[in-house]
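What follows is a single structure, written as structure tokens, with notes after it.
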Amino acid sequence: MSNAEAQVVQEEIDLGMANKVIDKYINMKGALMPVLQEVQDAYGYLPEPCIHLISERLNVYLSQIYGVLTFYAQFHLEPRGKYIVRVCMGTACHVKGAGRIGDTLSELLGIGHAETTEDLKFTVEHVACIGACGMAPVIMVNEATYGSMSVQKMNEIVEKYRAMD
Amino acid sequence: MAAIEEQIRVLICQGTGGLASGAKEVELAFRAEFEKHGVDAKVGKRCTVVGTGCRGLCANDVLVDIVIPGQEAVTYDFVKAELVPQLVEEHILTGQVVEKKKAGPYYQKFLEKQMRVVFSRCGTIDAESLEDFLAHDGFVGIRKAVTMKPQEVIEEVKKSGLRGRGGGGFPTGVKWSFCAASPGTDKYLICNADEGDPGAFMDRSILEGDPYGLIEGMMIASYAIGAKNGYVYVRAEYPLAIKRLQKAIDVCYEKGFLGKNCLGLGFDFDLRIKAGAGAFVCGEETALMASIEGERGMPRPRPPFPAVRGLWTKPTNINNVETFANVSYIFYRGAEWFASIGTEGTKGTKIFALTGKIKHTGLVEVPAGITMREVIYDVCGGILNNRKFKAVQAGGPSGGCLPGEAIDAQVDYDSLIKAGAMMGSGGLVVMDETTCMVDIARFFLNFTRMESCGKCVPCRIGLKIMLDILERITEGKGHPGDIDLLQDMCFDIKKASLCGLGQTAPNPVLSTIRYFRHEYEAHIEHQRCPSNSCKSLLKFEVVEAACKKCGLCFKVCPVDAVRWEKGQLAVIDKDKCTRCTSCYDACRFMAIE
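Structure representation (structure tokens):
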């Protein structure tokens, strides 16, 4: 991203929601993580201006915040797709062929782990364990869980979400 | 509201598994049918639809129990919304059980050898209803506990013989006494619900199915230790668990069960949820505390132990969800009762999550000391597709793989460690002859390497080098001497790592070398994968002698690379084949290699 583009993005961000979240936690011990989580919920990811705002208002070094952000798997610094497809890579799913499910998904969407399609529709993530091992292999699309996946079912699900806005 | 005994209750499994299989639609269908028929008036009783937690047999969801007072409860499995009108018309209105749709005899078998203590409320009560919880002996344990002095409460837990269910198996009462004895009045209590083990999901089930039970266990601990503040650290991959627990906590505050003067019993306890952010290492207690404090979840050396210097530098006690859930039953039914279950070294029951190549995947709660064979064959129905049992992985990435010979091992802390695995959190992943043990070792190492926090060198760099070696082996590029090198590295990493993650990460490699060395050798010396599972070593050819001409491979192939006609041998077209292994997985006769 060039500087000019970065500026355009920055101007579009409305910091109101982030400020509200910070107001809620400002006096709490260990506020950083919940603030980051809720700000991410509000924007879908963590835009840079929000991170600067959090740093200023919570009085935490930027370096520390980035340390936390890059440590945990669940923080995202880039915009993400409307449908987040989580492919479970847990033991049970692995034994039952999760690798193949992941490969198929990548083929269908043309993106790999932690990537987002250009139209911002899909993001693919490989996660450690969803905890629905009884139905392995499992994927989640946003909050919906789909169990006993097969290559065929994967096709159907992608088609279904493609057809939705 | 009419007492529970006088209602017709329709219990619908609404854990994550149930909901994924369509439990919400089933619930709506029941409500609609009740409305349509005016059922309440017709049968003269209140009909209630109850969304319960998980009942364990996740593979057969949606499970529905219809409980009519004075009659035995009937369980239906694989219920879809279309079936609901029939169930209501025949079973509820005319009292005629729909035999065809009833869960088969395996469901009886599934329950027979189990002993559901911690799970006794899961699947029976409405997980979100405080009234239901109270009607099923909720908060009886805490009321008994407060009649004793805190010191006596700890003694009682010691007497019960309860050991931590999170993996290590440290005696819970002893752990409590450390924290209770620490000076200062500002103490913390933490529930570790960061269930990161791939293949284990009992904590999630308890949180979803009986959140009040966990709160009760934590209240007892807080009273015993003198901790006024508590956290439940839940992994964020469990949105439903967080939602239900938060609701339970909110209700408890509203009714004055939490906060100042809990339940009017004269002690204070504040409880809040802290959602994790996706890091396996945060299951380690020092890392978990760092994470609550808003830092990167990195472990620190012990001592000082958390009981002396823990969260915000104050004395802290950390237990697992299952441990707390057990505590409330110890006080409700007595320490002697608890100690009468299980073996010499392991008291009480243990919940196992059985997954992998097994018929009835799910959660089972069995008395400690039962054998692995009983759990796999008697409770869970044996191996999928009647294939041969090969190994069971016990204890997640920190545990080990046990081969067929060890299947008669008892499941308790000490027997499992002797056999080269460990109880861990209780995940059992069953593998059949199509699972390659080298690949499994590679899989776990890949996991622990990704989740390593990177603080200490043996774990950060050692695991990476081991993983490179294993990857080479699975691609048929192993060198002579690789096995010895792997073993050496395992011992060094175990010895030199700072925290439990690094110290246990080599276990899957060690145990697979110990029991399945021949598979490593086959990969290295003959570039062969005996289980036909390593993709780059698979040839994708039909073995004519084994092929039963059934056409299953033909049906599953997504790219039409299999040629087959009825009564003919299948042939795989190598140009079309994408090596996706669908045909291989589907074949029941091991006819593809």
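These protein sequences, in sequence, are chains W and Z. Under the numbering used here, think of the first position of the first sequence as 2, with each following residue one higher. Under the numbering used here, think of the first position of the second sequence as 96, with each following residue one higher. All residues carry an ideal CB built from backbone N, CA and C; glycine is no exception.
Specify the secondary structure class of Z:D298 as computed by DSSP and reduced to three states.
-> Stepping through the second sequence from its first residue, residue 298 of chain Z is reached at position 203. Here Z:D298 sits in helix by DSSP.
Cβ-based burial, W:M165 [other Cβ within 10 Å; buried from 16] | Along the first sequence, read from residue 1 onward, the residue named residue 165 of chain W stands at position 164. W:M165 is classed as exposed because its beta carbon has fewer than 16 other beta carbons within 10 Å across all chains shown.
Residue burial classification, Z:Y326 (beta-carbon count within 10 angstroms, cutoff 16) | By one-based count along the second sequence, residue 326 of chain Z stands at place 231. Under this definition Z:Y326 is a buried residue.
Of all the residues that make up the segment 403–437 of chain Z, which are near chain W by a beta-carbon distance shorter than 8 Å?
-> If you check each beta-carbon in the segment 403–437 of chain Z against every beta-carbon of chain W, the ones closer than 8 Å belong to W407.
Are at least three pairs of beta-carbons, each pair with one atom in the segment 317–333 of chain Z and one in the segment 355–374 of chain Z, less than 8 Å apart?
-> Proximity of the segment 317–333 of chain Z to the segment 355–374 of chain Z meets the contact definition, three or more beta-carbon pairs being nearer than 8 Å.
Taking only runs that begin and end inside the segment 380–426 of chain Z, name each unbroken beta strand (DSSP E) of 3 or more residues, in chain order.
-> If only uninterrupted beta strand (DSSP E) runs of at least 3 residues are considered, those enclosed by the segment 380–426 of chain Z are 411–415.
DSSP-derived helix/strand/coil call for Z:A681 = Start at 1 with the first residue of the second sequence, and residue 681 of chain Z comes out as number 586. Z:A681 sits in a helix when the DSSP states are folded into three classes.
When we look at the beta-carbon of Z:L586 and count the other beta-carbons within 10 Å, is it buried (16 or more) or exposed?
-> Walking along the second sequence from the start, residue 586 of chain Z turns up at place 491. Residue identity check: residue 586 of chain Z is Phe in the sequence provided, not Leu. Exposed, since its Cβ has fewer than 16 Cβ neighbours within 10 Å.
Candidates Z:A295, Z:C652, Z:S628: which alpha carbon is nearest Z:L458's?
-> Against the second sequence, residue 458 of chain Z aligns to sequence position 363. Here the closest residue by C-alpha is Z:A295.
Who are the neighbours of W:H95 on chain Z, taking C-beta pairs under 7 Å?
-> Residue mapping note: residue 95 of chain W aligns to position 94 of the first sequence, counting from 1. Simply F538.
Would you say Z:K452 reaches chain W, if we count a Cβ-Cβ gap shorter than 8 Å as a contact?
-> Here residue 452 of chain Z refers to the residue found at position 357 when the second sequence is read from its first residue. For Z:K452, the nearest beta carbon of chain W is closer than 8 Å to its own beta carbon.
Sort Z:H186, Z:L152, Z:R126, Z:C217 by Cα distance to Z:A176 and report the nearest one.
-> Counted from its first residue, the second sequence places residue 176 of chain Z at position 81. When each option's Cα is compared against that of Z:A176, the closest is Z:R126.
State buried or exposed for Z:R258, treating a residue as buried only when at least 16 other CB atoms are found within 10 Å of its CB.
-> Looking up residue 258 of chain Z in the second sequence gives position 163. Buried is the call here.
Candidates Z:E184, Z:C286, Z:C217, Z:I107: closest to Z:Y171 by CA position | As a first step, residue 171 of chain Z must be located in the second sequence, where it is residue number 76. If we check each option's Cα against that of Z:Y171, Z:I107 comes out closest.
Using CA coordinates, which residue listed in Z:F214, Z:G549, Z:L562, Z:M384 is at the minimum distance from Z:N421?
-> Position 326 of the second sequence, counting from 1, holds the residue named residue 421 of chain Z. When Z:F214, Z:G549, Z:L562, Z:M384 are compared, the shortest CA-CA separation from Z:N421 is found for Z:F214.
Along chain W, which residues have their Cβ under 7 Å away from the Cβ of Z:G524?
-> Looking up residue 524 of chain Z in the second sequence gives position 429. In the sequence under discussion, the amino acid at residue 524 of chain Z is Val, which differs from the Gly named in the question. T92, A93, V96, listed in chain order.
Cα-Cα, which of Z:A316, Z:L302, Z:N356 is closest to Z:E332?
-> In the second sequence, residue 332 of chain Z corresponds to position 237, counting from 1. Here the closest residue by C-alpha is Z:L302.
What is the residue span of the alpha helix (DSSP H) that W:M34 lies within?
-> Against the first sequence, residue 34 of chain W aligns to sequence position 33. Membership of W:M34 in the alpha helix (DSSP H) is indicated by the continuous run 33–44.
Does the beta carbon of W:L33 sit closer than 8 Å to a beta carbon anywhere in chain Z?
-> Counting from 1 along the first sequence, the entry for residue 33 of chain W is found at position 32. At least one C-beta of chain Z is nearer than 8 Å to the C-beta of W:L33.
Chain-ordered chain W contacts of Z:T676 [CB-CB under 9 Å] | Counted from its first residue, the second sequence places residue 676 of chain Z at position 581. Within chain W, the C-beta atoms nearer than 9 Å to that of Z:T676 come from G98, G100, R101, in chain order.
Any chain W beta carbon closer than 8 Å to Z:F400 | For this step, residue 400 of chain Z is matched to residue 305 along the second sequence. So, not an interface residue.
Would you check if the distance between the CB atom of Z:G519 and the CB atom of Z:G490 is smaller than 8 Å?
-> As a working mapping, residue 519 of chain Z is identified with position 424 in the second sequence. As a working mapping, residue 490 of chain Z is identified with position 395 in the second sequence. Between Z:G519 and Z:G490, the C-beta gap is smaller than 8 Å, which places the two residues in contact.
Please name the residue, chosen from Z:L406, Z:I436, Z:E223, Z:H455, that lies closest to Z:V346 on a Cα-to-Cα basis.
-> Position 251 of the second sequence holds residue 346 of chain Z. When each option's Cα is compared against that of Z:V346, the closest is Z:E223.
May I have the straight-line CA-CA distance separating Z:I588 from Z:I578, to the nearest angstrom?
-> Here residue 588 of chain Z refers to the residue found at position 493 of the second sequence. Here residue 578 of chain Z refers to the residue found at position 483 of the second sequence. Distance between the alpha carbons of Z:I588 and Z:I578: 15 Å.
Short check: CB of W:V72 to CB of Z:A374, under 8 Å?
-> As a working note, residue 72 of chain W is residue 71 in the first sequence. As a working note, residue 374 of chain Z is residue 279 in the second sequence. The sequence shown places Phe at residue 72 of chain W, not Val. It is a contact, given that the beta carbons lie within the stated cut-off.
On the three-state DSSP scale, how would you describe Z:N602?
-> Working through the second sequence from its first residue, we reach residue 602 of chain Z at position 507. Z:N602 falls in the helix class under three-state DSSP.
Quick one, which of W:N28, W:G31, W:H77 has its alpha-carbon nearest W:C51's?
-> Position 50 of the first sequence, counted from the start, is the residue given in the question as residue 51 of chain W. For the set W:N28, W:G31, W:H77, the Cα lying nearest the Cα of W:C51 is the one of W:H77.
Backbone CA spacing between W:R81 and Z:A230 [nearest angstrom] | Position 80 of the first sequence, counting from 1, holds the residue named residue 81 of chain W. Position 135 of the second sequence, counting from 1, holds the residue named residue 230 of chain Z. Note on geometry: alpha-carbon atoms of W:R81 and Z:A230 lie some 45 Å from one another.
Using 8 Å as the limit for Cβ to Cβ distance, is Z:A115 near chain W?
-> For the purposes of this step, residue 115 of chain Z is taken as the residue at position 20 of the second sequence. Taking Cβ atoms only, chain W reaches closer than 8 Å to Z:A115, which makes this a yes.
Taking a Cβ distance cut-off of 7 Å, strictly less, list which residues of the segment 76–89 of chain W are near chain Z, in chain order.
-> Taking 7 Å as the Cβ-Cβ cut-off against chain Z, the residues of the segment 76–89 of chain W that qualify are F76.
Counting contacts by CB-CB distance shorter than 8 Å, is W:A19 in contact with chain Z?
-> Within the first sequence, numbered from 1, the residue matching residue 19 of chain W stands at position 18. Using a CB distance cut-off of 8 Å, W:A19 does not count as an interface residue toward chain Z.
Going by DSSP, which residues form a beta bridge with Z:F205?
-> In the second sequence, the residue the question calls residue 205 of chain Z occupies position 110. BP columns for Z:F205 are empty, so no partner.
Pick helix, strand or coil for Z:I180, following the three-state DSSP scheme.
-> Within the second sequence, numbered from 1, the residue matching residue 180 of chain Z stands at position 85. At residue 180 of chain Z the sequence reads Pro, which differs from the Ile that was named. Note: Z:P180 maps to helix in three-state DSSP.
What is the DSSP secondary structure of Z:I285, reduced to helix, strand or coil?
-> Along the second sequence, read from residue 1 onward, the residue named residue 285 of chain Z stands at position 190. Look at Z:I285 here: in three-state DSSP terms it is strand.
Alpha-carbon to alpha-carbon, Z:L647 and Z:A681 = Here residue 681 of chain Z refers to the residue found at position 586 of the second sequence. Here residue 647 of chain Z refers to the residue found at position 552 of the second sequence. Approximately 6 Å, taken between the alpha carbons.
Can you name the residues that DSSP bridges to Z:A370?
-> Looking up residue 370 of chain Z in the second sequence gives position 275. Residue pairing by DSSP puts Z:A370 in a beta bridge opposite Z:V329.
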